[in-house]
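Everything below concerns the one structure shown next.
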RNA sequence: CGGGACGUGGCGCAGGCUGGUAGCGCACCUGCUUUGGGAGCAGGGGGUCGCCGGUUCAAAUCCGGCCGUCCCGACCA
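In this note's numbering, the protein residues as written are 0 to 572.
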């Protein structure tokens, strides 16, 4: 049987299916171009898309797979409002988030459009869950989220309004959370496998969700906004926001007894400095100045590394880059000659890698640097993981060089713990009669992103190549011949026979469309099999079949053609 | 939010410097021909040139402001 039969078969004539010959001017991402050209979606405004009938079929198939796998782990489907009273969000401190759409009702009551539903789920849990006997629970919905994104982009990959499958687990204790978390993780793995998408499970930052830990499901694609570091040998994989590695150590030579100043006229960047000193970038320490609520912070990484903002934020909290005037005031020098030695009133945080070796740093005097600077001896600093992993650095687990690759985030899972239940009073009485906070988890999938990722991973110059499970149709049947012709009669019968065998068929029975146009549009849409029925091969056959992936031509005998097509369909990815 | 680009029939674009009654391709309508890879010929319909203001006898074109969309950097299904 088809993976997710849903919409039934269609005759194409009279349907809304507007395809475009040219790529839209404002589309860049492959999935964006193809979704618009193939008549799946139309843009209303930045980050807002209308899903057309053909696109909706794809989403429905993804959703059906998600729904089956949610049912399979015992999660229960509900639907929550999109419009929320603001005070629920105030209770968890997330009301001021920039992504929140805010509005008032006619009575002046502050409301928000839901960007996610942790608060609402927890609010209900606080009322419906009384006893440890009521736990565990998993509740989920397939519903719209609204986010005032700073920058919608790449078509359906980053939008302001989208449907999310979001589920929430409620448990008595952390062991229960671990079970719910694992159940969701395994369900997600099945979902993405069934959708025919290549993916990696990676460790991730908890971000705005907060909580105890998180993972993301990442689909490799050049169009991706995230980057993961992955070990080809063991199973280590993490978002670069979190990834660690063993850096490649330079040869430090002997450590000088004390820092030695030297003139570096006009030197500003690590590259210039490295050329000037004839030492590799790894022998230098890079100074990055940010401003936090608690004042200026100097972040130090080795010259070949970049400070990763999320990592720095975990250490020092929210921050912004310092202005040049501020830097002059604190350091007495311009950016380019900054360093940690002899600093007063500036907190210094160094990457772990600086604990070994001695380094060239700025001397906090314009045009002067120090060589032989040693952490702990010449300056004091906390060490932390601040740097972004570089490709080729060793996996901390097994030593194999890591690979970095761009990815699309298609799903995520969070161990929330008690952050929301504590804030909203969602507790239960345990077996001893003690009040406990519910331990929560939250789990999201964006079906439209799954579809977009499938296109990013499956396309050629002619158009989309859908994985069979989420293609809009299983078979694209192209009739070449007028109504009443022998070809039309045969195509009508084949349409019925294929449909009876559980295949969903798009029957291109349009009368005023040229054969060439039908072929081109079929390849643009990208269903797994295209069958052509025309007088060229009738009445004796064979049927011409094109396998979309690779555009390979096959011939199928007329007798038992429907069964043969079903077999061929079953063999597709 | 910082930086860049672009807004001209449904779609893709030209015109703009050098102001003078808006053009091309596709799509659409009618007719004939055509019917296996986005058909041919003929005829036809459709645009306050993003908006507001300014300069000018005259503005798609020059100037100013605003709005919108996309791309690059800081944020997330």
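All C-beta atoms in this analysis are idealised placements derived from N, C-alpha and C, irrespective of residue type, glycine included.
From a predicted model like this one, the values you see are computed outputs, not experimental measurements.
Check: So, helix, strand or coil for residue 456, using DSSP?
Finding: The residue labelled residue 456 in the question sits at position 457 within the first chain. Helix at residue 456.
Margin query: Tell me the DSSP secondary structure of residue 442 in three-state form.
Written below: Against the first chain, residue 442 aligns to sequence position 443. The answer is strand: DSSP assigns residue 442 an E or B state.
Next item on the list: Grab the span of the beta strand (DSSP E) containing residue 139 for me, first residue to last.
Entry: Here the question's residue 139 lines up with position 140 in the first chain. Per DSSP, residue 139 belongs to the beta strand (DSSP E) from 136-145.
Check: Looking only at C-alpha atoms, which of 525, 296, 85 sits nearest to residue 571?
Finding: Here residue 571 refers to the residue found at position 572 of the first chain. Considering only alpha carbons, the answer is 525.
Check: Applying the criterion that 16 or more other CB atoms from any shown protein chain within 10 Å of the CB defines a buried residue, is residue 397 buried or exposed?
Finding: Here residue 397 corresponds to residue number 398 of the first chain, with the count starting at 1. Label assigned to residue 397: exposed.
Next item on the list: Within 10 angstroms of the Cβ of residue 233, are there 16 or more other Cβ atoms? Answer buried if so, exposed if not.
Entry: As a first step, residue 233 is located in the first chain; it is residue number 234 there, counting from the start. Looking at its Cβ environment, which holds fewer than 16 other Cβ atoms inside 10 Å, residue 233 is exposed.
Item checked: Start and end residues, alpha helix (DSSP H) containing residue 309 -> To locate residue 309, count along the first chain from 1; it is residue 310. Note, residue 309: alpha helix (DSSP H), 308-315.
Check: If you measure from the CB of residue 349, is any heavy atom of the ligand SAH nearer than 7 angstroms?
Finding: Looking for the ligand SAH in the displayed structure turns up nothing, as the structure carries no ligands at all.
Next item on the list: Taking residue 417 as the reference, give the member of 55, 118, 69, 36 with the closest Cα.
Entry: Translated into positions along the first chain, residue 417 becomes position 418. Per the Cα distances, 118.
Check: Between residue 476 and residue 507, which are expected to be in contact by the criterion C-beta below 8 angstroms, what is the C-beta distance as a whole number of angstroms?
Finding: For the purposes of this step, residue 476 is taken as the residue at position 477 of the first chain. For the purposes of this step, residue 507 is taken as the residue at position 508 of the first chain. At roughly 7 angstroms, the Cβ-Cβ gap stays under 8 angstroms, so residue 476 and residue 507 are in contact.
Checklist line | Exposure label - residue 105; buried when at least 16 CB within 10 Å | finding: In the first chain, residue 105 corresponds to position 106, counting from 1. Exposed is the call here.
Note to self: Would the segment 76-93 count as touching the segment 123-140 if we require 3 or more Cβ pairs under 8 angstroms?
What the structure shows: yes
Margin query: So, under 8 angstroms CB-CB, residue 300 and residue 385 are touching, yes? Tell me the CB distance rounded to an integer number of Å.
Written below: Mapped onto the first chain, residue 300 falls at position 301. Mapped onto the first chain, residue 385 falls at position 386. At roughly 6 angstroms, the Cβ-Cβ gap stays under 8 angstroms, so residue 300 and residue 385 are in contact.
Notebook entry, point to check: Taking the DSSP output, what are the residues bridged to residue 218?
Noted result: Numbered from its first residue, the first chain carries residue 218 at position 219. Note: residue 218 sits in a beta bridge opposite 407.
Next item on the list: Would you check if the segment 26-38 and the segment 510-527 touch, i.e. whether three or more CB-CB distances between them fall below 8 angstroms?
Entry: yes
Next item on the list: May I have the straight-line CA-CA distance separating residue 312 from residue 15, to the nearest angstrom?
Entry: Indexing the first chain from 1 puts residue 312 at position 313. Indexing the first chain from 1 puts residue 15 at position 16. Going from the Cα of residue 312 to the Cα of residue 15 covers about 49 angstroms.
Notebook entry, point to check: Can you tell me whether DSSP reads residue 1 as helix, strand or coil?
Noted result: If you number the first chain from 1, residue 1 lands on position 2. Its pLDDT being 48, under 50, residue 1 is placed unreliably by the model, and the measurement read from it follows with that caveat. Three-state result, residue 1: coil.
Margin query: Rounded to the nearest angstrom, what separates residue 257 and residue 114 at their Cα positions?
Written below: Position 258 of the first chain, counting from 1, holds the residue named residue 257. Position 115 of the first chain, counting from 1, holds the residue named residue 114. Approximately 55 angstroms, taken between the alpha carbons.
Next item on the list: Closer than 6 angstroms by C-beta to residue 23: which residues in its own chain qualify, once you throw out the five before and the five after it? Chain order, please.
Entry: Taking the first residue of the first chain as 1, we reach residue 23 at position 24. Counting only Cβ-Cβ distances below 6 angstroms, and skipping sequence neighbours, we find 35.
Note to self: Counting C-beta neighbours from all protein chains within 10 Å, is the total for residue 229 16 or more, i.e. buried, or is it exposed?
What the structure shows: Within the first chain, numbered from 1, the residue matching residue 229 stands at position 230. So residue 229 ends up on the buried side.
Item checked: Simplified DSSP state of residue 545, which is helix, strand or coil -> For this step, residue 545 is matched to residue 546 along the first chain. If DSSP states are grouped into helix, strand and coil, residue 545 belongs with the strands.
Next item on the list: Check each candidate in 504, 320, 151, 345 and name the one with the smallest Cα separation from residue 329.
Entry: In the first chain, counting from the first residue as 1, residue 329 sits at position 330. Considering only alpha carbons, the answer is 345.
Check: From residue 261 to residue 390, what distance separates their C-alpha atoms?
Finding: In the first chain, counting from the first residue as 1, residue 261 sits at position 262. In the first chain, counting from the first residue as 1, residue 390 sits at position 391. Those two C-alpha atoms are separated by around 33 angstroms.
Next item on the list: For the alpha helix (DSSP H) containing residue 320, list its first residue and its last residue.
Entry: If you number the first chain from 1, residue 320 lands on position 321. Here residue 320 belongs to no alpha helix (DSSP H); instead the beta strand (DSSP E) covers 318-320.
Checklist line | Of the listed residues 326, 226, 534, nearest to residue 485 (C-alpha basis) | finding: Counting from 1 along the first chain, the entry for residue 485 is found at position 486. Measuring from the Cα of residue 485, the nearest candidate turns out to be 534.
Margin query: In whole angstroms, give me the CA-to-CA distance for residue 408 and residue 215.
Written below: For this step, residue 408 is matched to residue 409 along the first chain. For this step, residue 215 is matched to residue 216 along the first chain. Those two C-alpha atoms are separated by around 7 angstroms.
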